[in-house]
Structures are given as C-alpha cells and as structure tokens.
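Quick notes on the structure that follows.
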Amino acid sequence: MRASASGMILFDKPEGWTSHDAVAAFRRMLPKGAKVGHCGTLDPLATGLLILLVGPCTRLQARMQGLDKVYAGRIRLGVRTDTGDVTGTVLETKTVPSLDLARVQACLDSMVGALEMPAPAYSAVKHKGKALYRYARAGLEVPVKPRSCTVFSWKALGLQSPDFEHRLTCSSGTYVRSLAELAGSKLGCGATVLTLRRERIAGFRIEDAITLEAARKLDSGSLQRLMTASLMRLGETLAQANRPMAPDSLPL
Numbered sequence: 076m077r078a079s080a081s082g083m084i085l086f087d088k089p090e091g092w093t094s095h096d097a098v099a100a101f102r103r104m105l106p107k108g109a110k111v112g113h114c115g116t117l118d119p120l121a122t123g124l125l126i127l128l129v130g131p132c133t134r135l136q137a138r139m140q141g142l143d144k145v146y147a148g149r150i151r152l153g154v155r156t157d158t159g160d161v162t163g164t165v166l167e168t169k170t171v172p173s174l175d176l177a178r179v180q181a182c183l184d185s186m187v188g189a190l191e192m193p194a195p196a197y198s199a200v201k202h203k204g205k206a207l208y209r210y211a212r213a214g215l216e217v218p219v220k221p222r223s224c225t226v227f228s229w230k231a232l233g234l235q236s237p238d239f240e241h242r243l244t245c246s247s248g249t250y251v252r253s254l255a256e257l258a259g260s261k262l263g264c265g266a267t268v269l270t271l272r273r274e275r276i277a278g279f280r281i282e283d284a285i286t287l288e289a290a291r292k293l294d295s296g297s298l299q300r301l302m303t304a305s306l307m308r309l310g311e312t313l314a315q316a317n318r319p320m321a322p323d324s325l326p327l
C-alpha cells in the first residue's frame, strides 16, 4: 500500500480497548506515517461501531463526531459507581423497588428530548487541556459544565431485576453513563452501566464494521479497498446528517 493511504474504516471495537488502542492498531497495519483518527470516543467497557479516518480524510473528523448515534445494552439498578459503569468502585448500593417494564419505560420517556447533562468524571472531556479522568484518578474534583444533548428515543426492551435492557437513539454529546445514573436516581435506587454496544452512527451500521481479527487478515490492497468502499457512502450520510434517525426504523 502506498504511503498516501486514505479513507474510512468502520471498526467493531472489542471490550477493554480504548479508542486510542484502535487507532494505534490500524496505524500498525497502514504505511508508516499514515495519519489515523477516530470519530467519537467509546469507553473501554463499550463495544461496537467506531469510525476511523485515514490520511486526508481526518479533516472530516469534526463533522463526523457530530452525527447521531444508537446504543444498546444493559443497565444495572441498585448500585452507583464512581465511573458510572461496573468497572468502577461502588459508591452506594440500594434495594431495587418492585418495578415492571412499564414503569421503567415511563422513566426513560421522561428523559426524551433536549437535555443539559455533565460529562462523567471519568471521561475524555478536557478541562484546562487535561482529560477529566486524569483529575478523577488523582482524587481531584473540577467543575464540569453541563453539555447539551438530545435523546430522540429510549426504549426499555426487557427487565430482569436488577438489570434492564435498552436501546437509545441520541445526538452526539450524549453520555449513556450519565443517563443511566439519572434513570437510577428517578427510580430511587441508583444505576450503573453493565454493558454497552454502539450499533449505529447516522447511516453507518455495526453490521458493516470489520473486526480486529478480520482486519489483520487483509493484505494492503484489500485494506485500501475497504477504506475506499466505506468512504463512498460518506457523502450520502453527511447529506442526511441534519435529520435525526427515526427510532421506528430501528430493529428491536
């Protein structure tokens, strides 16, 4: 492959990896010096669709980060952690009240619409040029300005207490961990993210993403063709970027 590698990669990020880990892995597969960037951080706990831009296409990064997203996963009730997910230190546990799916859904419905929410303390959001998680790891509290986001749809798909399954359609800038904690507060028992998978970014779906194992089997020409094919769909996706995804069109 020539050093002028360019295009887009739809990557199925595995659990335990940071978004930077994904960038580093593909840098090793590409010609030396190839520029690679990602379009929207996924927490290490989360799996699923991570868009990587290569070469000159990295100039589209800011535009791509603003696209709407779909997540699915499980939330655990009755526990609150410092990270907002089950990887963190438990801060509080409470008895989960008797709930049915309808009550959980009513709680989620109350959060549909425009919201102002702070980023989690353990996140890559910057304060004075430094990621919030670095302050949190040092035991320092810093002021976090609420961020605007929009929840287009939030569906409870199943309840097996203390956990419930959900699917969320939302704007860029939405933190699922913050939403889970708010839901737990509304239900009176606290909550934390148990599993999370990003299924869709605008018109790009996880079904079209490549796994790490599959990517490593590609020769240089095949990898470039993959990046080019993904890039061909970008124009249509950006043209539709100002229209929120219709929740009714999503598979349950």
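Residue numbers (the numbering used here): 76 to 327. For each residue, glycine too, the CB sits at the ideal point set by N, CA and C.
Self-check item: 3 or more residues per run - each beta strand (DSSP E) lying fully within the segment 249-295
Solution: 266-276
Quiz item: My guess is that Q299 and G82 are in contact by the Cβ rule of under 8 Å, so how many angstroms apart are they, rounded?
Solution: Within the sequence shown, numbered from 1, the residue matching residue 299 stands at position 224. Within the sequence shown, numbered from 1, the residue matching residue 82 stands at position 7. So it is a contact: roughly 7 Å between Cβ atoms.
Quiz item: Residue range of the beta strand (DSSP E) that M192 falls in?
Solution: Looking up residue 192 in the sequence shown gives position 117. Run containing M192: G188 to M192, per the beta strand (DSSP E) assignment.
Quiz item: Does DSSP classify T312 as helix, strand or coil?
Solution: Taking the first residue of the sequence shown as 1, we reach residue 312 at position 237. Three-state result, T312: helix.
Quiz item: Residues in its own chain within less than 7 Å of S305 by CB, not counting five upstream and five downstream?
Solution: Start at 1 with the first residue of the sequence shown, and residue 305 comes out as number 230. Only G82, M83, I84 and L85 meet the Cβ criterion.
Exercise. Go ahead and pull the three-state DSSP assignment for A100.
Key: Locating residue 100 in the sequence shown gives position 25, counting from the first residue. In the structure shown, A100 sits in a helix (DSSP, three-state: H, G or I).
Quiz item: Applying the criterion that 16 or more other CB atoms from any shown protein chain within 10 Å of the CB defines a buried residue, is L176 buried or exposed?
Solution: Counted from its first residue, the sequence shown places residue 176 at position 101. Under this definition L176 is an exposed residue.
Quiz item: Can you tell which of K292, S223 and L257 has the C-alpha that lies nearest to the C-alpha of G159?
Solution: As a first step, residue 159 is located in the sequence shown; it is residue number 84 there, counting from the start. Comparing Cα-Cα distances from G159 to each of K292, S223 and L257, the minimum goes to L257.
Practice problem: Kindly indicate which three-state DSSP category S324 falls into: helix, strand or coil? | Solution: Locating residue 324 in the sequence shown gives position 249, counting from the first residue. Here S324 scores only 42 on pLDDT, less than 50, and its place in the model should not be relied on; the value that follows carries that caveat. Looking at S324 - three-state DSSP - the assignment turns out to be helix.
Quiz item: Do you know offhand how far G108's Cα is from P131's?
Solution: Along the sequence shown, read from residue 1 onward, the residue named residue 108 stands at position 33. Along the sequence shown, read from residue 1 onward, the residue named residue 131 stands at position 56. About 12 Å.
Self-check item: Length of the line joining the Cα atoms of G148 and D118
Solution: Reading the sequence shown from its first residue, position 73 is the one you call residue 148. Reading the sequence shown from its first residue, position 43 is the one you call residue 118. The straight-line gap from Cα to Cα measures roughly 13 Å.
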